[in-house]
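First comes the structure, then the notes that go with it.
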Amino acid sequence: MVRLRNPALAALGSLLAAHNALSIVFAPILGTDRPFPAGGSIAVDQPPNYFFQGFSPPFPTNDGWIGYGAGTGDATKGAITFFAGKALGVSTSATVSAAKFQVVNSTGTYVIYSLSGVISLTASNTGTITAGGKFTGILRVVKLNAPGHEVLLDQYYANYPTGVSTDYEISGLITGILYFESLRVHENHRSKLQSPNFPSTTSLSYLTTKGYMYPAIGNIWNLCYDLPTITWHVLRTPDASCRASLVAGLEYEIAHLPAVAQPGDFYFFGGHVAMVSRLALIAEQVGRNDLVSPVVNYLESMFGYLFNSASTAVPAYETAWGGIINRAGYNNI
Ligand SMILES: *[C@@H]1O[C@H](CO)[C@@H](O)[C@H](O)[C@H]1NC(C)=O
């Protein structure tokens, strides 16, 4: 069994070649250094607000954050009906000093934990919670889906990831193990986790678009996967009687590729180059390597536009949130 780290990629390349498999291996992400794409740098017109004050990009951008992290940040302001055990009637508020607070609104029950001692918070029925003073420390907020979940949350609320490192190991090209270190989150890879420490599924759960997520406790997680047997070529060679028609179709397609033109956007560009790339693979499969290079030349010319700052659809680094976007669409959600 070979434990692969990044410098071993060259060795892996020859290993794969020996198995006659054409593959690309992606190394772990080594850094979050700022890239310099052809489109240069640009800032969106919805930059992060005070929510991320004191932090630097890249920031998470998804539906869960955006209402808080951009614009005025007051995405939700439904009435708070209970705060730290006190009922909040219309137009009332309550001030409580504690290190743990339950908050109930029409969506459900939430728990705020202070990992930095007792703090004073004032909740108003109108939907705001304000601190009694400047707070420097760690707050954690969690949704309490069932009263029975509180036991596990109380036990582990102080545990959270501050960093992660990943690694992987390939054994006989049949199984791959992905390593996560220093990670403590709930996960949905239960069937792949080696030697897991799973609390009962009734102790905590969250419904996501991928089904329920249940807790797993541990500092080092090894996920073991059976690797797919997919190769770039078809698994069954086309019947000999089809070869002449296949070659004729291929010759026609390659001779009639649309003119190389700069992409109008990323989406259709991606579909188009994927389709053209496939022609080269078909040519290889039917033993017409002479038809491969016109396709490769075509793809090189097409991809050239993505590296030319004069192109319309060109990647740019977005400086406010930190990430790669289509420069032309910087203010277009
Ligand atoms: C209830 O509070 C949670 C946590 O702050 C918030 O995400 C949710 O939108 C609130 N619901 C309403 C109706 O305000």
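With mature numbering (1 follows the signal peptide of the UniProt record, and there is no 0) as the guide, the letters of the sequence shown map in order to residues -23 to -1, 1 to 310. No residue lacks a Cβ here, since even glycine has one placed at the ideal position from N, Cα and C.
| query | Cβ of V88 within 8 Å of any heavy atom in ligand 1? | reply | Counting from 1 along the sequence shown, the entry for residue 88 is found at position 111. Within 8 Å of the C-beta of V88 there is not a single heavy atom belonging to ligand 1.
| query | So is R213 buried or exposed if we call it buried at 16+ other beta carbons inside 10 Å? | reply | For the purposes of this step, residue 213 is taken as the residue at position 236 of the sequence shown. Exposed: under 16 other Cβ atoms inside 10 Å.
| Under three-state DSSP, which class holds K169? | In the sequence shown, residue 169 corresponds to position 192, counting from 1. Assignment of K169 by DSSP, reduced to helix, strand and coil, places it in the helix class.
| field | Run of the beta strand (DSSP E) containing F60, from where it starts to where it stops | value | Residue numbering aside, residue 60 sits at position 83 when the sequence shown is read from its first letter. First-last of the beta strand (DSSP E) with F60: 57 to 60.
| task | Mind checking which residues open and close the alpha helix (DSSP H) that includes S177? | result | The residue you call residue 177 lines up with position 200 of the sequence shown. It is not in any alpha helix (DSSP H) - S177 carries neither H nor E in the DSSP assignment.
| query | Which residue comes first and which comes last in the alpha helix (DSSP H) that contains A251? | reply | Position 274 of the sequence shown holds residue 251. Judged by DSSP secondary structure, A251 falls within the alpha helix (DSSP H) whose first and last residues are 243 to 262.
| Does any heavy atom of ligand 1 sit closer than 8 Å to the C-beta of T84? | As a working note, residue 84 is residue 107 in the sequence shown. Relative to ligand 1, T84 has its C-beta within less than 8 Å of a heavy atom.
| request: With DSSP as the reference, please indicate the residues paired to G300 in a beta bridge. | output: Your numbering for residue 300 matches position 323 in the sequence shown. Beta-bridge pairing links G300 to E295.
| message | I'd like the list of long-range same chain contacts for V81, defined as Cβ closer than 6 Å, with 5 residues on each side in sequence excluded. | response | For the purposes of this step, residue 81 is taken as residue 104 along the sequence shown, with counting starting at 1. Counting only Cβ-Cβ distances below 6 Å, and skipping sequence neighbours, we find T58, F59.
| Which of the three DSSP states, helix, strand or coil, is assigned to F112? | Mapped onto the sequence shown, residue 112 falls at position 135. In the three-state reduction of the DSSP assignment, F112 falls in the coil class.
| task | Measure the alpha-carbon distance for A20 versus A47 and round it to whole angstroms. | result | Here residue 20 corresponds to residue number 43 of the sequence shown, with the count starting at 1. Here residue 47 corresponds to residue number 70 of the sequence shown, with the count starting at 1. When rounded, the separation of the alpha-carbon atoms in A20 and A47 is 13 Å.
| request: Drop a sphere of 10 angstroms on the beta-carbon of L204, count the other beta-carbons inside from all chains shown, and report buried for 16 or more, exposed for fewer. | output: Residue numbering aside, residue 204 sits at position 227 when the sequence shown is read from its first letter. L204 is exposed by the Cβ-count criterion.
| Just to confirm, are Y27 and G50 a CB contact at a threshold of 9 Å? | Working through the sequence shown from its first residue, we reach residue 27 at position 50. Working through the sequence shown from its first residue, we reach residue 50 at position 73. By the CB criterion at 9 Å, Y27 and G50 fall inside the cutoff.
| So does A257 have its beta carbon nearer than 8 Å to some heavy atom of ligand 3? | As for ligand 3, it is missing from this structure, which binds only ligand 1.
| Is the beta carbon of L48 within less than 8 Å of some heavy atom of ligand 1? | Working through the sequence shown from its first residue, we reach residue 48 at position 71. Per the sequence presented here, residue 48 reads as Gly, with Leu not at that position. Incorrect: G48 has no Cβ contact closer than 8 Å to ligand 1.
| message | Taking the beta carbon of G304 as the centre, do at least 16 other beta carbons fall within 10 Å, making it buried, or is it exposed? | response | Counting from one through the sequence shown, the residue named residue 304 turns up at place 327. What sits at residue 304 in the sequence shown is Arg, not Gly. It is buried - the Cβ of R304 has at least 16 other Cβ atoms within 10 Å.
| query | Are I115 and L98 close, meaning C-beta to C-beta below 9 Å? | reply | As a first step, residue 115 is located in the sequence shown; it is residue number 138 there, counting from the start. As a first step, residue 98 is located in the sequence shown; it is residue number 121 there, counting from the start. In this structure, L98 does not lie closer than 9 Å to I115 by Cβ.
| Is the beta carbon of A260 less than 9 Å from the beta carbon of L227? | If you number the sequence shown from 1, residue 260 lands on position 283. If you number the sequence shown from 1, residue 227 lands on position 250. Against a cut-off of 9 Å, the Cβ pair of L227 and A260 comes out as a contact.
| message | Quick test of your reading: A56 and S18, contact by CB under 8 Å. State the CB separation rounded to the nearest angstrom. | response | The residue labelled residue 56 in the question sits at position 79 within the sequence shown. The residue labelled residue 18 in the question sits at position 41 within the sequence shown. Actually they do not touch by this definition, with Cβ atoms about 43 Å apart.
| query | So what does M190 bridge to, in DSSP terms? | reply | In the sequence shown, residue 190 corresponds to position 213, counting from 1. Paired residues: Y183.
| message | Using a Cβ-based criterion (distance less than 8 Å to any ligand heavy atom), does K54 qualify as near ligand 1? | response | The sequence position of residue 54 within the sequence shown is 77, counting from 1. K54 Cβ: within cutoff of ligand 1.
| message | Taking 6 Å as the limit between beta carbons, can you name the residues of its chain near F245, skipping five residues before and five after? | response | Along the sequence shown, one-based indexing puts residue 245 at 268. Once the five neighbours on either side are set aside, F245 has no close Cβ partner at all.
| request: Identify, in the order they occur along the chain, each residue of the same chain with its Cβ nearer than 7 Å to the Cβ of S278, setting aside the five sequence neighbours on each side. | output: Taking the sequence shown and counting its residues from 1, the one referred to as residue 278 is at position 301. Around S278: V237.
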